[in-house]
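Have a look at the structure below before the remarks.
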Amino acid sequence: MLGNHAVNPPVVLAPMAGITNVAFRRLCREQGGGVYVCEMITTRALVERIPKTLKMIAFAEDEGFRSLQLYGVDPDVTAAAVRMVGERNLADHVDLNFGCPVPKVTRRGGGSALPWRRKLFGRIVRQAVDAAAEFGIPLTIKMRKGIDEDHLTYVEAGLTAQDAGVAAVALHARTAEQRYSGQADWDAIATLKQALDVPVLGNGDIWEGSDALRMVAHTGVDGVVVGRGCLGRPWLFADLEAAFTKGGDYQPVLPSLGEVAKIMSRHAQLLVEALEDERHGCADFRKHVAWYLKGFPVGGDLRRSLAMISSLAELDDLLGKLDPAIPFPVESLGQPRGRINAPGKVSLPHGWLDSRDDDTVPEGAETDESGG
Ligand SMILES: Cc1cc2nc3c(=O)[nH]c(=O)nc-3n(C[C@H](O)[C@H](O)[C@H](O)COP(=O)(O)O)c2cc1C
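Heads up: the sequence shown begins at 1 in the UniProt record's numbering, then just goes up one per residue.
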């Protein structure tokens, strides 16, 4: 449950900047039930009504439960942004992002650096929950384990958020230092689940429906949050729904290359519609090409041309060169996809680690640069 909304199956499409826009969410929603979170929006840009930001808050008419992620570092600005969401009826659910590991953000004390400043974190979450409550909007948080293994914050932050009245807490079970490397620590998710009474959502390394079942069995979480696993594979949400309804012996969807080509074409078409510009939509689609073709025997030249398309006609022409009968490369199942970068020391403001109870609002920590 998120507030009064039953989430069935207990699956959440993770917010991914530059990916989970209205077009991609639609492709995913058509496959199965769950909550599908919009791209992250920065609170300051929202309250300042930056046109580009307002445009990013786009939901389809049939999007029953509109889920929006906000990123903020200032309790007052965050509360004002949440209030604006309520007043303008922009969404039905708000999630706050405390997981961004991007150096530009942590260097200023934002994202995954912020929960370390426990008082500031508490103020942000409390004020946001209170603002959301005025409109009956459930508010959740999404965070990482901490800055690094010596500076873990997730249990304490989860308890603080619970006291503040959040509807659920999601944990991406990596530290900021790990970025997207190594394996997510599902034991940490189990620890958090044991520590909290509010629903806990587990996140990290769900590549198949069976992984979601394994995570639930291992941790006891109330639901799963799925990010990179669905890149170039929106049908993963059909697998997730099948896994949760049928259990371990569901049959995964294994589209042939011809079927994948149809989804690619549709995805590009939806992006063009969403961005109201063919060139722009096609340029945005390029980043998805390698994910869709992962594991399929497609030559380098064709892959490169597909990753440079600038019109829908060009895309369809190139897709026509693929052999539609090629079966899905089952050896790519269960394999990581998307970002898998190396760990890196977390850039922090001077003295950050020595002053946990300082609740000064960090300056310059809200940028368009985003991620979790
Ligand atoms: C391209 C990309 C963009 C992301 N953007 C966000 C974001 O805006 N907000 C957020 O909370 N997490 C963001 N994340 C992190 C994911 O939501 C998720 O926590 C992470 O990928 C781990 O889950 P996974 O193993 O299922 O991918 C992003 C991840 C990727 C790969």
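Every residue, glycine too, gets a C-beta built ideally from N, C-alpha and C.
- If you draw a straight line from the alpha carbon of GLY158 to that of ASP74, how long is it in whole angstroms? Rounded to whole angstroms, the separation of the alpha carbons of ASP74 and GLY158 is 19 Å.
- Message: Which of the three DSSP states is assigned to residue 381 in this structure?
- Response: The chain is shown only over 1 to 372; residue 381 falls outside these bounds and no answer can be derived.
- Could you tell me if ILE340 is buried or exposed, where buried requires 16 or more neighbouring beta carbons within 10 angstroms of its beta carbon? By the neighbour-count rule (16 or more Cβ atoms within 10 Å), ILE340 is not buried but exposed.
- Cβ-based burial, ARG174 [other Cβ within 10 Å; buried from 16]: Result: buried.
- Message: Shorter than 7 Å, the distance from the beta carbon of GLN69 to the closest heavy atom of ligand 3, or not?
- Response: Looking for ligand 3 in the displayed structure turns up nothing; the ligands present are ligand 1.
- Item | VAL94: first and last residue of the uninterrupted beta strand (DSSP E) it sits in | Annotation: the continuous beta strand (DSSP E) that includes VAL94 extends over 93–98.
- Item | Classification of ASP239 by the beta-carbon crowding that lies within 10 angstroms, buried from 16 upward | Result: buried.
- Query: Given 8 Å as the limit, is there contact between the segment 321–339 and the segment 61–81, that is, 3 or more CB pairs closer than that?
  - Reply: Flag = no, the segment 321–339 and the segment 61–81 do not touch.
- Heavy atom of ligand 1 less than 7 Å from the Cβ of VAL226, yes or no? The answer is yes for VAL226.
- Task: Determine the closest residue to VAL272 out of ILE263, GLY34, CYS282 and SER265, with distance taken between C-alpha atoms.
- Result: The option with the nearest alpha carbon to VAL272 is CYS282.
- Item | beta-carbon HIS267 near ligand 1 non-hydrogen atom, thresh 7 Å | For HIS267, the CB stays at least 7 Å from every heavy atom of ligand 1.
- Message: For ligand 1, is there any heavy atom lying closer than 7 Å to the beta carbon of ASP277?
- Response: ASP277: no, Cβ never under 7 Å from ligand 1.
- Query: Are VAL47 and ALA81 touching if we call contact CB-CB under 8 Å?
  - Reply: For the 8 Å CB-CB criterion, VAL47 and ALA81 form a contact.
- Task: Go through its chain and collect everything with a Cβ distance to TRP352's Cβ below 8 Å, but skip five positions before and after it.
- Result: So the list reads GLY109, ALA113, TRP116 and ARG117, once near-sequence residues are dropped.
- Query: Is ARG25 near ligand 1, in the sense that its beta carbon is under 7 Å from a heavy atom of that ligand?
  - Reply: Annotation for ARG25 indicates a beta carbon at 7 Å or more from all heavy atoms of ligand 1.
- Using 7 Å as the cut-off, classify the Cβ of GLY229 as near or not near the heavy atoms of ligand 1, replying yes or no. Correct: GLY229 has its Cβ closer than 7 Å to ligand 1.
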